[in-house]
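Under this note's numbering, the residues of the sequence shown are numbered 23 to 149, in order.
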Amino acid sequence: MLIHKTTDYAIRLLCCVAGAKNPVPSSKLAVELGVSPRYVLHFGAVLREAGFVQVTGGPAGGFSLARSPENISLWDIFTCMENGEGLVPTAPEGTALGEFYTMVEGEFRARLQEMTLEKLCRQKREP
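Structure below.
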(Lines of atoms letter the chains of each structure in order from A and count residues from 1; the text may use other names and numbers.)
(Lines give C-alpha, C1' and ligand atoms only; values in the text may rest on other atoms or scores of the structure.)
Protein backbone atom coordinates (compact mmCIF):
# COMPACT_ATOMS: atom_id res chain seq x y z
CA MET A 1 0.00 0.00 0.00
CA LEU A 2 1.41 3.33 -0.98
CA ILE A 3 0.11 6.79 -0.31
CA HIS A 4 2.11 9.29 -2.30
CA LYS A 5 3.64 12.28 -0.55
CA THR A 6 1.53 14.61 -2.66
CA THR A 7 -1.63 13.03 -1.23
CA ASP A 8 -0.30 13.55 2.29
CA TYR A 9 0.52 17.17 1.48
CA ALA A 10 -2.96 17.67 0.01
CA ILE A 11 -4.62 16.36 3.19
CA ARG A 12 -2.40 18.56 5.34
CA LEU A 13 -3.07 21.61 3.13
CA LEU A 14 -6.81 21.07 3.48
CA CYS A 15 -6.46 20.82 7.27
CA CYS A 16 -4.54 24.10 7.36
CA VAL A 17 -7.13 25.81 5.18
CA ALA A 18 -10.06 24.32 7.12
CA GLY A 19 -8.82 25.88 10.35
CA ALA A 20 -8.34 29.35 8.86
CA LYS A 21 -10.83 32.20 8.98
CA ASN A 22 -9.32 33.88 5.89
CA PRO A 23 -7.74 32.58 2.68
CA VAL A 24 -4.28 31.10 3.33
CA PRO A 25 -1.49 32.25 0.98
CA SER A 26 0.52 29.58 -0.81
CA SER A 27 3.71 30.98 0.73
CA LYS A 28 2.35 30.33 4.25
CA LEU A 29 1.16 26.84 3.27
CA ALA A 30 4.58 26.09 1.77
CA VAL A 31 6.28 26.93 5.07
CA GLU A 32 3.73 24.90 7.05
CA LEU A 33 4.14 21.87 4.78
CA GLY A 34 7.89 22.22 4.24
CA VAL A 35 7.64 22.36 0.45
CA SER A 36 8.13 25.05 -2.20
CA PRO A 37 5.33 27.53 -3.00
CA ARG A 38 5.45 26.28 -6.59
CA TYR A 39 4.71 22.72 -5.43
CA VAL A 40 1.78 23.99 -3.33
CA LEU A 41 0.38 25.68 -6.43
CA HIS A 42 0.88 22.48 -8.44
CA PHE A 43 -1.12 20.12 -6.21
CA GLY A 44 -3.37 22.98 -5.09
CA ALA A 45 -4.53 23.23 -8.71
CA VAL A 46 -5.57 19.57 -8.59
CA LEU A 47 -7.56 20.26 -5.41
CA ARG A 48 -9.14 23.33 -7.01
CA GLU A 49 -10.14 21.44 -10.17
CA ALA A 50 -11.71 18.73 -7.99
CA GLY A 51 -13.77 21.32 -6.11
CA PHE A 52 -12.06 21.06 -2.71
CA VAL A 53 -10.62 24.59 -2.61
CA GLN A 54 -11.11 28.03 -4.05
CA VAL A 55 -8.13 30.19 -4.88
CA THR A 56 -8.33 33.96 -4.79
CA GLY A 57 -5.64 36.36 -5.97
CA GLY A 58 -4.37 39.60 -4.54
CA PRO A 59 -2.72 40.63 -1.28
CA ALA A 60 -5.48 39.08 0.86
CA GLY A 61 -5.84 36.06 -1.42
CA GLY A 62 -4.99 32.42 -1.03
CA PHE A 63 -6.62 29.05 -0.56
CA SER A 64 -9.98 28.52 1.14
CA LEU A 65 -12.28 25.50 1.33
CA ALA A 66 -14.91 25.26 -1.39
CA ARG A 67 -16.93 22.69 0.61
CA SER A 68 -17.55 22.29 4.29
CA PRO A 69 -15.00 20.04 6.02
CA GLU A 70 -17.66 17.63 7.26
CA ASN A 71 -18.50 16.91 3.60
CA ILE A 72 -14.94 15.98 2.61
CA SER A 73 -13.74 12.48 3.45
CA LEU A 74 -10.15 11.34 3.30
CA TRP A 75 -11.34 8.84 0.69
CA ASP A 76 -12.51 11.77 -1.48
CA ILE A 77 -9.06 13.33 -1.25
CA PHE A 78 -7.28 10.01 -1.74
CA THR A 79 -9.17 9.13 -4.91
CA CYS A 80 -8.61 12.62 -6.30
CA MET A 81 -4.87 12.65 -5.66
CA GLU A 82 -4.06 8.99 -6.37
CA ASN A 83 -5.72 8.94 -9.82
CA GLY A 84 -7.68 5.79 -9.10
CA GLU A 85 -4.64 3.62 -8.39
CA GLY A 86 -5.31 0.57 -6.25
CA LEU A 87 -4.42 0.58 -2.60
CA VAL A 88 -2.61 -2.74 -2.61
CA PRO A 89 -0.79 -4.81 -5.24
CA THR A 90 -2.83 -7.16 -7.36
CA ALA A 91 -2.61 -10.92 -7.01
CA PRO A 92 -4.17 -13.70 -9.04
CA GLU A 93 -7.91 -14.02 -8.44
CA GLY A 94 -9.00 -16.91 -6.27
CA THR A 95 -5.73 -17.04 -4.32
CA ALA A 96 -5.42 -16.56 -0.57
CA LEU A 97 -3.14 -13.59 -1.19
CA GLY A 98 -5.62 -11.99 -3.58
CA GLU A 99 -8.43 -12.42 -1.05
CA PHE A 100 -6.24 -10.94 1.69
CA TYR A 101 -5.38 -7.91 -0.46
CA THR A 102 -9.07 -7.40 -1.24
CA MET A 103 -9.92 -7.50 2.48
CA VAL A 104 -7.15 -5.02 3.37
CA GLU A 105 -8.21 -2.66 0.62
CA GLY A 106 -11.84 -2.80 1.77
CA GLU A 107 -10.92 -2.01 5.38
CA PHE A 108 -8.58 0.81 4.38
CA ARG A 109 -11.23 2.32 2.11
CA ALA A 110 -13.86 2.11 4.86
CA ARG A 111 -11.57 3.93 7.33
CA LEU A 112 -10.83 6.68 4.81
CA GLN A 113 -14.54 7.06 4.04
CA GLU A 114 -15.37 7.36 7.76
CA MET A 115 -12.78 10.05 8.46
CA THR A 116 -13.89 13.50 7.39
CA LEU A 117 -11.66 16.53 7.22
CA GLU A 118 -13.70 18.04 10.05
CA LYS A 119 -13.05 15.04 12.34
CA LEU A 120 -9.36 14.96 11.47
CA CYS A 121 -8.88 18.68 12.12
CA ARG A 122 -10.82 18.47 15.40
CA GLN A 123 -8.59 15.60 16.59
CA LYS A 124 -5.53 17.65 15.69
CA ARG A 125 -6.70 20.54 17.92
CA GLU A 126 -7.69 18.39 20.93
CA PRO A 127 -4.92 17.60 23.41
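Each residue gets a CB set at the ideal place from its N, CA and C atoms; glycine is no exception.
The model shown is predicted, which means the values in this text are computed figures rather than measured ones.
Taking just the CA atoms, how far does residue j sit from residue i?
i	j	result
M137	W97	8 Å
L139	A40	8 Å
T78	P45	8 Å
T101	G66	15 Å
E127	M103	17 Å
F130	Y61	27 Å
F26	G80	It is worth fixing the name first, because residue 26 is His in this sequence and not Phe. Each residue's Cα considered, the two are about 31 Å apart.
A88	F122	37 Å
D6	T124	Outside the displayed range of the chain (23 to 149) lies residue 6, so it cannot be described from this structure.
R34	A72	16 Å
K63	A132	The sequence shown places Leu at residue 63, rather than the Lys named in the question. Looking at the two C-alpha atoms, the distance is approximately 30 Å.
L69	C143	18 Å
Apart from the five residues just before and just after residue i, which ones in its own chain have a Cβ nearer than 6 Å to its Cβ?
i	result
T117	none
Given residue i, which residues of its chain have a CB within under 8 Å of its CB, disregarding the five upstream and five downstream residues?
i	result
G120	T112, A113 and P114
On the premise that residue j lies in contact with residue i, defined as a C-beta separation below 8 Å, what is that separation, rounded to the nearest angstrom?
i	j	result
L134	F74	Incorrect: roughly 15 Å between the Cβ atoms, too far for contact.
A42	I99	17 Å between Cβ atoms; not a contact.
Name the residue from the options whose alpha carbon lies nearest to the alpha carbon of residue i.
i	options	result
T28	G56, P47 and K50	G56
A82	R131, P47, F130 and R34	P47
L51	F85, D30 and T124	F85
K141	E92, R70 and L69	E92
CB-CB under 7 Å to residue i, same chain, minus the five flanking residues each way: which ones, in chain order?
i	result
S49	P59
E54	C38
**OP:** Could you name each continuous alpha helix (DSSP H) segment of 4 residues or more that falls completely within the region 27 to 72, going from the start of the chain to the end?
**Re:** 27 to 40, 48 to 55 and 59 to 71
**OP:** Could you tell me which uninterrupted alpha helix (DSSP H) segments, each at least 4 residues in length, are contained entirely in the region 73 to 110, listed from first to last along the chain?
**Re:** Correct list: 96 to 103.
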